[in-house]
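Below: the structure, in C-alpha cells.
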C-alpha cells in the first residue's frame, strides 16, 4: 500500500522538478517548489517522522517559500510576456555533465546493502527531548548563528545616510 | 522497499537541484536548486533515522532546515543588493570579476 | 756550479720583468741596452759552465716544486748535459748577437719597448725549454716561445696582415702543442712521471708498445708544428712579416730548432718503437726536398730564407731519423750560425732598398756594401754546403752520407741529395740576383759596429765551425761525435770506397746546383726566371688548400652550434617550448574562470563526479 | 666559530644598511669588503682555527641548523670569494647602480661564506638558495636590468636546487630509518648505504641542483643571458665566486653522500664536461658581443672544472679545485677588462672595436695577459689546474679527455680572434676620441690580479698542498676500492 | 550534553559575540574590537590550558590545540588591525559580532568529533562571510564577490549536509573517531565521505573546486580577506585533518586532488595579470601542498597541521600589507610603499618570498616538513611535484616583486603608525617562526 503512495509522490516530485527546469517566470518556479515540498512532507510522514513533516509544511513551505515570494516581489521583476531565455548560453556541456552524474549515482546505487526494515514512528516528544538533551549546545550554537544572520542582513541593507 | 524508493526520490531531488544550479539563467532558480539539494539531504537523513530507529535523523533534519533557511535569507538579501548595484538578476550580470582573456 | 744554473734563464726573464714594470720610465735606447746585457750575462754563465764542466756536463738543480699531487710530482728543475749545453750556448750567444744587432736596426720605430720585452722573454723561454729536466717544464718553455713568436711576428700590428700572420703562427703551433700535451697525458697515464730519467727508466722496465707508438706520433706532430715541417709548415713563410732580427733569432736559430731538440731529447721513446725512426727520417727528407723546391721560385728575399730554414730543418730531422742524433745536432749548430747571419744580412738589404723585398728589383750591391757582401757570401757558402770551405759540408753531407748506409735509407739518401742540389740553386740564385749583375743603387746605409760585429762573428763561425768533426777518413779533428757519444751514441760511419763515392756525390751535387743557379739568375733578370712557375711559387698550393678547408669549417661549426643548438635548441625549443606550454595550459584553464557562477558550480560538480568515479573504481 | 659567524652575518647587515641609504656610499661598501678579506685571511691562515665545530639552533627532527666547520677547502674558497668582493666593487666604482650591485654582492658573499663553512646539508641548501636569489637581484638591478634574464637565472637554479632538496631529504630519511638518528649533518649522512638504482637517481637529482650553478653542459643556457645582461662588474663576482658554490657542494656534500653513485656517474660527468668545454669554446668564437664572449669563455672553463671533478681521481679533483680558484681570478680579470671598456663608452659590439691598442696600450697589454691566462698558457693561473684535470681524467676516460684537450686548442682560436678584433689592426673610426687609457687606480687593480695569476701559475703548491683530503675518508676508500688509481 | 571544560573557549567567544551585537544598539560600537580581541586571547589561553582534553563531541588533540590557539590569536591580531581600518568605522559592533561568530565556528570545526557539530561549525563560519564580504562602504565588486561566495558556499554546505546524511544512513552514528563509527565500511558511507571531502576542498579552494577563489580575492575588501585566508581556511584545514585521521581510505583521492591543485594553481598563477587574482591562484597551489601532506598517513597529519598554521600566518601577513594599498591596485607600488612605509614593504616582500618558499622563511620549513613526510611514505612523485611547483612559483611571486608600478597619488596609501608594529611582528614571525616549531610539536 505505501509503495503506491511513494510512487505517486515520486511522480509528483518528478513533474514539479521538470516544471521547475522549463518554466520561465520565477514566480511559477517558486510555486512548483512548494508543490514538491508538500509531497515531501507526506513522504516524511511515511518514513515515521510526523513532527518533521509538520515542520516541513510550517517552516519550509510557510517561511522559506514565502521568503522567495517576497524576494521576487522586491526584485520587481516586470510581468513580462516576451520570450525570456530560460537557459544560459553554454547549455550542452553541463547537460552532458548531468547525465554523467546520474550515471555514477546509479552505478554506486547498485552496490548498496539492502535496507529491508520495518519503520516505527518517532514522535515529536523524543525529538524535543533529543534537541534539548544531548544536542543542547548545538541548538544554542544555531541560536547564536540565527542572531548573527539577523545582524548580517541588517548590515547588508544599511542605507549610507542611516548611521548606527 | 520503501527506503530504497525514498533514496530514489532523494537522488532525483539531488539531480534536479544540481541541474537547476548549472542550467538556469535566472538567479532565483539557482537558489531554488540549493533548496532542493537540502531537501534531498533531509530525505536521506530521515531514511537513515528510519533504518536505525533513532531520533538523530530527525534532529539532523531540523538543523538542516534551520541552517538552509539562514543561508537562504542571507543570499536573498545579497540578491537584492546585486539587483540594486549591478542592475540585473541573471547569471550573466555577475561577470565583472573574471579573468581578462586578452585575445 | 749546480746552484747557478737558474741564472741562465733568470737573466733574460729578469730583463723582461724590469722592462714590464719600469719600462715606461726609461727611453727606448736605455731599455734596448738593458735588454742586450741580459743575454750577454747568460752567455757568460754558459761560458763558465763550458770552462768548468765542458768535458762531460751533468749538472742538476731543483729550484722549487712546481706541482705535486698524490704520487705525481713535477718541479722547476734544470739539467745540463751535452745536448743542452749546445742548445743553451746557441740560444744565449746568438740571442745576444741579435739583441746587439737590433739596437741600431730597429731604433725610431713604434713599440720598441714591447719588442725588447718579448725578445728577452723569448730568450728566457728558450733557455727554460732546453734546460728543463721534465716534460712539463719543457711544455712551459714551449708555450712561452710560441707566445713570443706570436707577439714579435705581429710586432707591426697596425697592418691587418701582420696581426693575421702572428695569429696564424700561434694557432698552427698550438695545434702541435695540443698534440704534445696529449702525448704528455699518455706518458703520465702510463708511467705516472714526467721527469726524463725516471720516465726513460720506467719505459725501459715496462715498454708498452701501443702507448709509446701513439705518444711518439703525437710528439712528432708537436715537433713538426714547431719546426715548421711538412704539412704544418704554412705559418713560417707568413711569419716573415715580423722584423728581420726576429726572423733571424726565432725562425732560424732557436725556436724552430726546438722541435729537433725535442726529438733528440725523447730519442729513447722513438727508439723503443721499431720503424718510428724511419718515419721521422722520411718526413725530414721529404720536407727538405719539398721546401728546397719551393725556395728556388721565390722572389721575396726573406721567403727564400724561410723555405731554406724549413728544408735545413728537414735535414736535422733526417739526422735524427737515421739514428744519428749527434749529426743532427751538429747541423743544427751550423745552421743556427749561417741562417742568423743570412737573415740579418737580408734585413740590412731590405733597409737599403727601403722595405722592398723583391729580389728582382735588386742587383750589384757588392760595390756599395763590400763588408755586407763578403759576410753574406760566407753565409751563402755555408747554406749551399760548398765543399771543404763551408761548415755545413761537414754536417749536412755527413748526414746525407750516413743516410745511404742506414737500412732502408736509400730512398732518404736520394731525396736528401736532390734537396742538396736545389739548396745550392736557390742559395746562389739569391746571391747572384742581389749582389752580382747590373747595379741598382739603394739608399746609402752605414752599418755601425753594433751590426758589423755580429755579422763578422757569424761569418767566421759559418766557415770555421764545421772543422769540429771532419768526415771519416779525413785527417783533422773529430771531437764532436766522441764528445756527444756517451749521451747519444756513435752514428754509423761509411767506410772504404762507399765513403769516397758519397763524399764526391755530395760535392758534385753542390757544384751542379751553383751552375744552374748562375743560369737561373740570368733568366730571372730577363724576366723568364723560375719565379713564374706558379706551382712552386705557391709552395704546391698547400697554404691555399689549408686556409680554404680548416678555418671556414671551424667558424661554420661554431656558427651552427651557436644558431642551431644554443639559440634554436635551448632558448627556442626548450625554454620557449616550456613558456608556450604553460601559456597554453593557463589559457585553457582560464576558460574555467570567465566569471559565470554556473561554470564554477559545474566545475565543482565535475570534481564530485570524478571523485565518485575514483571511489567506484578503486576504493570499493 | 665566532669569526665565521661574523664573516657570514656582517655582509648581510652591511647590505641591509647600504640599501637603506639614499645615495650609493662607495667607501662604506669597500671598507666592508676589505674587512671581509682580512677576516677571511685570518680564518684561512690562523693556526688551529680550522676544524672548530659549533652547534646552535637545534630543531628536534632536523638536527641543529647552525653547525659550522672550517675545513681547508672551504676556507680557501672563502678566501677567493673574499678577494673578489673588493675587486668587483672596484670595477663597479663609477657605475650609476653601484648601490644595488654592492648590496647584491654583499648578500651573495654572506651566503657564500655560509656555504663554505656549513657542516650540515640543510644549512648549505638554505645559503645556496639565498645565493641564487641575490644573484638574480644582481642581474636584475645592474646592466640591462632585464627581468627575463634574472628570472631565467633564478628558475634554472631553483628548479635544480629543489630537486637537490628532494634527493637530500630522501638520503636523510633513509639514514634516519637505517640508524634511527634524524640529522642533516654531513658526518652522519655520509655513511648511509643506498642501493644502486635509487642511488643513481638521487645523485642525478643532486647533480641537477649543483651542476646548474657551475654551468655544466646541458644546464648552461642561463649563463649566456645571465652574464650577458648583468653589468660586467657584477659578472666578476657572479662568474668568479658564485660558481664555486656548485663545485664545493659537489665535493663536500654530494659525493660523500653517494660515493657509489658518483662512481657510476663519473664517465657521464667527464663526457658532459668535455662537450661543455668545446661547446663553450665554439660559442665564445661566435659571440655577438664582448660580454657574451667573456660569458662563454667562463662557461668553457667551468665545464673543464666539472670534467676534473667528476673524474673522481686524485690529480683530477685537486686540479679541478685549483682551476676553480684560478678561474675565479682569471674571469675576474676578463670581466674587469670588459667593464673597463664599457666604462669608456664602448658598447662591446665587434663593429665598434678594432685597433684599440694604439689608444690604450696599457689596457691592451693587460687584456692580452688575461687572454693568455684564459688560454691556459703555462706559467699562468689556469695551466696547472687544466693540466691536472685533463691528465687525471685521461686515466679514467682517455677519449673524452682528449676531446676536452681540443677545447684548449679552441681556446686559442677564440681568444686570439677576439684580441685581434679589439686591439690589433687599423684604428677603428667609430672609437670615441676621448678614450683615456687605464687610470692609476685601475692599473693598480690589474697589477693585483695579474700578480696573483702569475703567482698561482708559477707556484700552485700554496693551494694544492693545503687542500687536505678532498674526498672524505669513507667515500675515499669506496672509490679507491674500484681502482681509480687514487 | 552537560557542560564540559572543552566547551569553555566556545562559550567565551559566543558570549563576547552577543555582547558585541548588542553594543551597536547601545552606541558602544567603538570599544567592541578591543573586547573581541581580549576575548579571543582568553579563548586561546583556555584552549592551551585544556590541551588534550576529550569532551563529549569536542576533542582538543595535538593539531586541534595547535590550530585552535593560532586561530584565536590570529583573530585577536585581526581585530586589533581592523580597528584602525576606515572600513570598520560603520556598525563596528555587528562587525565584531560576526567575526567572533566566525571564530566560534572555526574553533568548532577544528576540534569537532561529531559530524553534525562540524556542519554547524562550518555554517557558523561561512555565513558571516556572506555579509563581511559585502560590508557597507566596500563598493560594487564586493557585492558581486559576496553573492558568488554565498551561492557557491550554499551549494558546498548542501553537499556537506548530503554527506552527513549518507554517512548517518551508512553506519548510524555521527561520530568521526574510528572506534565509535567506521564511515567508509559501505557504499553510502564512502559516498558521504567523498561529499564531505568535496565540500571541504571547495572551502580551501583545492583543484577541481577552485574556480571561485580568484574572483572573491579580486572583489572582496582586503581587511576581510585577512580573516578569510588567515582564519577560515586554516579552520577548514583543521576539519580536513580530523576527517583524514579518521578515514585512511581517503588518501588516494586526496593525493589526486593535491596533484591537480598544485599543477592548476601554478599554471593559472603564471599568467594572472591582476595581483589579487594571482594571490588567489597561489592559494590553490598552497591548498595542493597542504593536501599533499595529508595524503601520506600519520606523519603527514603533523606536517599538514604545521603547514596549515604557517599558511595562515603568511596569508595574514600578505593581506595586512595589501589592506594598506588602495582597493583596486593591480600591482604593488614598491617605490611609494618603500618611501612611506618601509617596514610594511619589508613585510609584504618577505611574505611573498615565504609564500614562494624562500629558505630562511617559515614557508620553506613548512614545505620541507611536507616533503619529508611524503618521502617517508615513499610518495617520491608527490615530493618532486611539490619541489617543482614551489620552484616554479618563484616565477610569478617574484614578478610581483619586480614589476615596476607607480601609485598615482601617494597619499591614497593608508597611513597608520601602528601597522608598523604589526609588520615588524610579522617579519619576526616569518623569518624566525620556525624556532617556535619545537613548541608546536612537543
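Protein chains in written order, with the working numbering: chain A, 1 to 164; chain B, 1001 to 1103; chain C, 2001 to 2620; chain D, 3001 to 3486; chain E, 4001 to 4442. All C-beta atoms in this analysis are idealised placements derived from N, C-alpha and C, irrespective of residue type, glycine included. Bear in mind the structure is a predicted one, so any value in this text is a computation, not a measurement.
Burial state of residue i, where buried means 16 or more other Cβ atoms lie within 10 Å
i	result
residue 4148 of chain E	buried
residue 121 of chain A	exposed
residue 4003 of chain E	exposed
residue 3050 of chain D	Low local confidence applies: a pLDDT of 48 at residue 3050 of chain D is under 50, so the model's placement there is unreliable, with the coordinate-based value given in what follows. It counts as buried.
residue 4421 of chain E	exposed
residue 2617 of chain C	exposed
residue 2197 of chain C	exposed
residue 2 of chain A	exposed
residue 2110 of chain C	exposed
residue 1103 of chain B	Here the model assigns residue 1103 of chain B a pLDDT of 46, short of 50, so the residue's position is not dependable, and the following value carries that caveat. Result: exposed.
Residue range of the beta strand (DSSP E) that includes residue i
i	result
residue 2391 of chain C	Looking at the DSSP string, residue 2391 of chain C is not in any beta strand (DSSP E); the run it does join, the alpha helix (DSSP H), is 2391-2405.
residue 2061 of chain C	2059-2069
Residues of its chain near residue i, where Cβ-Cβ distance is below 6 Å and the 5 sequence neighbours each way are ignored
i	result
residue 3009 of chain D	none
residue 4261 of chain E	4206, 4207, 4284, 4287, 4288
residue 4399 of chain E	none
residue 4379 of chain E	4296
residue 4097 of chain E	4017, 4020, 4021
Whether residue i touches residue j by CB criterion (8 Å)
i	j	result
residue 145 of chain A	residue 4101 of chain E	yes
residue 2381 of chain C	residue 2518 of chain C	no
residue 2187 of chain C	residue 2222 of chain C	no
residue 2311 of chain C	residue 2324 of chain C	no
residue 3547 of chain D	residue 3258 of chain D	Since the first and last residues shown for chain D are 3001 and 3486, residue 3547 of chain D lies out of range.
residue 4006 of chain E	residue 4078 of chain E	no
residue 2336 of chain C	residue 2385 of chain C	no
residue 3205 of chain D	residue 3167 of chain D	yes
Boundaries of the alpha helix (DSSP H) in which residue i is found, first to last residue
i	result
residue 4269 of chain E	4251-4270
residue 3042 of chain D	3026-3045
Chain-order list of residues whose beta-carbon lies under 8 Å from that of residue i (same chain, five-residue window excluded)
i	result
residue 4048 of chain E	4065, 4069
Proximity winner among the options, relative to residue i (alpha-carbon distances)
i	options	result
residue 1029 of chain B	B:1100, B:1091, B:1063, B:1098	B:1091
residue 2089 of chain C	C:2320, C:2236, C:2120, C:2042	C:2042
residue 2044 of chain C	C:2010, C:2348, C:2061, C:2076	C:2010
residue 4345 of chain E	E:4324, E:4084, E:4092	E:4324
residue 1073 of chain B	E:4405, E:4151, E:4039	E:4151
Same chain, Cβ closer than 7 Å to residue i, five either side skipped, listed in chain order
i	result
residue 2332 of chain C	2257, 2260, 2316
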